[in-house]
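Okay, so here's the structure we're looking at.
In the working numbering, the protein residues as written are 589 to 702.
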């Protein structure tokens with residue numbers, strides 16, 4: 589199983605980024621996929637998830653600004669992040685929720701700073 593996250597970088601406050609996570613080794617179309625993040629000195633926190641039926645759930649901090657989506661043909665989950673704030677600075681990890689537990693990607697760093 590491998591989850592390869594990409595798309596992080598440096599962005600100014602108010603800007604946007606789209607993260608991608610390509611999965612292999614799992615039955616992607618039937619898996620719940622999502623994102624967590626971990627800011628410096630803080631615990632990892634859940635950001636968003638999307639079910640196989642494309643039901644989306646968001647943390648309060650992400651509602652109205654972030655959109656999670658999936659492309660089953662590409663085995664890829666996305667996180668579109670708009671109106672970014674300095675508090676969004678973190679390493680973002682994608683995950684797949686499997687029967688045996690969560691599987692994690694390697695993380696991609698998002699830095700929101702002027």
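In this text, a Cβ means the ideal position worked out from N, Cα and C, and glycines have one as well.
field: Simplified DSSP state of residue 702, which is helix, strand or coil
entry: Taking the chain shown and counting its residues from 1, the one referred to as residue 702 is at position 114. DSSP places residue 702 in the coil class of the three-state scheme, outside both helix and strand.
Close beta carbons around residue 598, own chain, < 7 Å, minus the five adjacent residues each side: Looking up residue 598 in the chain shown gives position 10. Around residue 598: 699 and 701.
query: Which class does residue 617 belong to by DSSP, given the choice of helix, strand or coil?
result: To locate residue 617, count along the chain shown from 1; it is residue 29. DSSP places residue 617 in helix when its eight states are reduced to three.
query: Looking at C-beta atoms only, is the number of pairs between the stretch 635-650 and the stretch 606-614 that lie closer than 8 Å three or more?
result: No, the stretch 635-650 does not touch the stretch 606-614.
- prompt: With respect to the beta strand (DSSP E) encompassing residue 645, which residues constitute its N-terminal and C-terminal limits?
  reply: On the chain shown, residue 645 is found 57 positions in, with the first residue counted as 1. First-last of the beta strand (DSSP E) with residue 645: 644-646.
task: Rank 694, 661, 605 and 620 by C-alpha distance to the C-alpha of residue 636 and give the top, closest one.
output: In the chain shown, residue 636 corresponds to position 48, counting from 1. Ranking 694, 661, 605 and 620 by Cα distance to residue 636 puts 620 first.
- prompt: Exposed or buried, which one is residue 690 when buried takes at least 16 other CB atoms within 10 Å?
  reply: Against the chain shown, residue 690 aligns to sequence position 102. Classification of residue 690: exposed, given that the 10 Å Cβ count is below 16.
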